[in-house]
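For reference, the structure discussed in these notes is given below.
Number of protein chains: 2
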Amino acid sequence: MERSADTALEGGTAHPARSVRGAAGSEELLRLDRQVCFALHAASRAFDALYRPLLGELGLTYPQYLAMLALWEHDVLTVKELGLALRLDSGTLSPLLKRLEAAGLVVRERSRADERSVSVRLTTSGTALKRRARVLPETVLASTGFDEGELTALHQSLGRLTAALDGATARRS
Amino acid sequence: MERSADTALEGGTAHPARSVRGAAGSEELLRLDRQVCFALHAASRAFDALYRPLLGELGLTYPQYLAMLALWEHDVLTVKELGLALRLDSGTLSPLLKRLEAAGLVVRERSRADERSVSVRLTTSGTALKRRARVLPETVLASTGFDEGELTALHQSLGRLTAALDGATARRS
DNA sequence: CGCAATTCAATTGTGCACAACTGAAGAGTA
DNA sequence: TACTCTTCAGTTGTGCACAATTGAATTGCG
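Protein chains in written order, with my numbering: chain P, 362 to 534; chain F, 362 to 534.
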């Protein structure tokens with residue numbers, strides 16, 4: 362007897378779909394398929410999976426692509442500024458930028474003005490890569506199957522969600 | 362002269378907000394703040410930051426919590442089934458489950474029926490942890506500031522997005 | 001001025017995530 | 001039955017992410 366995992370985990374009948382509103386038991390609230398955070402996590406990884414081969418042709422990982430996006434807009438940024446833009450700390454950015462530098466896309470140098478900070482600047486090669494990246498957004502956009510309105514709504518929704526979560530985290534600490 | 366990173370990166374005036382609809386230049390499409398994938402990525406990390414201290418009290422990381430959610434629903438699952446539920450492969454799950462086993466929350470054993478697969482089963486301690494986890498969903502829900510309707514809409518939107526991206530990734534490979 | 005507090009980038013340690021691969025076990029077929 | 005194909009979990013290597021710490025540079029305050 363072979364019981365497919367899909368049947369067991371997706372179409373399962375053990376937990377009848379109770380009305381969404383009203384006081385759902387804590388039993389219901391702990392269901393995996395009720396967790397928005399998991400849906401978010403899954404969507405993020407699905408995006409990553411789609412981007413991975415496309416970015417691979419450019420020699421970039423997804424977080425490296427995000428850093429390049431910021432640099433294509435600003436040409437030169439300190440590690441601190443990049444961290445604010447990408448919501449990443451130096452522990453993540455330092456090795457990432459080191460790899461971008463090894464790939465010849467950026468150069469890093471300590472600012473003369475403030476010797477504590479490090480400026481990250483695009484090289485000619487890094488600037489040139491922008492041209493090859495231009496096709497990416499449309500390719501990915503098409504893959505979502507979303508129209509402009511849906512996408513905007515989702516984007517705004519995510520923005521508010523992130524702000525609310527940030528606020529809650531800050532209040533807690 | 363001190364120019365705050367926020368001014369430079371968030372409120373920047375270098376790129377006037379063009380109408381969302383219509384043919385935006387590729388220049389516009391590469392803007393970091395236009396990337397839904399980045400908004401998703403950021404929201405996911407914001408969730409993680411909120412969960413981290415709460416889960417820390419239970420001795421769990423966020424992915425470990427997701428695995429426990431699946432197990433609290435099913436008591437016993439193979440690594441394969443868990444991977445389908447969480448969208449993770451054995452390369453991620455094997456060490457994660459090893460840590461859960463070291464923490465005494467689960468036991469792993471080769472199935473007698475099929476010696477290839479490994480069953481993951483909750484221990485008494487693992488089952489008991491569920492009671493302490495019950496408060497989490499409501500705490501987190503409250504932090505989002507979203508009402509039931511918004512949350513459901515977001516959840517559904519993410520579901521469709523993930524399915525579409527999965528489809529596109531599959532067609533490409 | 002001089003010293004404490006802060007800022008900034010880097011490092012270390014832990015854990016997640018995926019690709020590529022390994023090896024064992026089962027399934028299907030000539 | 002014997003052979004191949006597939007399935008499953010685990011390992012290795014690379015890279016992201018964060019906490020905690022370090023050390024240098026700057027700022028602020030007495």
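Note that beta-carbon positions come from the ideal geometry of N, C-alpha and C, so glycine has one too.
Nearest-angstrom Cα separation, counted from residue j out to residue i
i	j	result
Ala403 of chain P	Gln517 of chain F	13 Å
Ala407 of chain P	Arg473 of chain F	34 Å
Glu476 of chain F	Asp508 of chain P	48 Å
Ala331 of chain P	Val437 of chain P	There is simply no residue 331 of chain P to check, as chain P begins at 362 and stops at 534 in what is shown.
Leu457 of chain P	Thr485 of chain F	42 Å
Met429 of chain P	Val479 of chain F	42 Å
Leu449 of chain F	Leu443 of chain F	8 Å
Leu427 of chain F	Thr488 of chain P	41 Å
Arg533 of chain P	Leu522 of chain P	17 Å
Lys441 of chain P	His435 of chain F	45 Å
Val397 of chain P	Leu391 of chain P	11 Å
Tyr412 of chain P	Ser504 of chain F	31 Å
Glu389 of chain P	Asp527 of chain F	27 Å
Thr513 of chain P	Leu519 of chain P	10 Å
Ala410 of chain F	Ala529 of chain P	10 Å
Residue-chain proximity (residue i, chain F), Cβ-Cβ < 7 Å
i	result
Thr530 of chain P	yes
Thr488 of chain P	no
Val437 of chain P	no
Val397 of chain P	yes
Thr484 of chain P	no
Leu432 of chain P	no
Same chain only: Cβ atoms within 8 Å of residue i, ignoring 5 sequence neighbours per side
i	result
Arg460 of chain F	Gln425
Within-7 Å CB hit, residue i to chain P
i	result
Pro498 of chain F	yes
Thr422 of chain F	no
Ala428 of chain F	no
Asp527 of chain F	yes
Ser480 of chain F	no
Ser504 of chain F	yes
Thr523 of chain F	yes
For residue i, three-class secondary structure by DSSP
i	result
Glu470 of chain F	strand
Leu391 of chain P	coil
Ser451 of chain P	helix
Leu427 of chain F	helix
Leu438 of chain F	strand
Ser480 of chain P	strand
Closer than 6 Å: residue i CB and nearest the ligand ADP heavy atom
i	result
Leu515 of chain F	Looking for the ligand ADP in the displayed structure turns up nothing, as the structure carries no ligands at all.
Residues of its chain near residue i, where Cβ-Cβ distance is below 7 Å and the 5 sequence neighbours each way are ignored
i	result
Leu415 of chain F	Leu497, Thr500
Thr422 of chain P	Leu416
Leu399 of chain F	Checking the sequence, you will find Phe at residue 399 of chain F rather than Leu. Closer than 7 Å at the Cβ level, and outside the excluded window around Phe399 of chain F, lie Leu393.
Leu454 of chain F	Val440, Leu443, Gly444
Can you pull out the residues from the region 436-466 of chain F whose beta carbon lies closer than 7 Å to at least one beta carbon of chain P? Lys441, Glu442, Leu445, Ala446, Arg448
Can you give me, in chain order, the residues of the region 398-418 of chain P that have a beta carbon less than 9 Å from any beta carbon in chain F? Cys398, Phe399, Ala400, Leu401, His402, Ala403, Ala404, Ser405, Arg406, Ala407, Phe408, Asp409, Ala410, Leu411, Tyr412, Arg413, Pro414, Leu415
Tell me which residues of the region 507-520 of chain F have at least one Cβ-Cβ distance to chain P shorter than 8 Å, keeping chain order. Phe507, Glu509, Glu511, Leu512, Thr513, Ala514, Leu515, His516, Ser518, Leu519, Gly520
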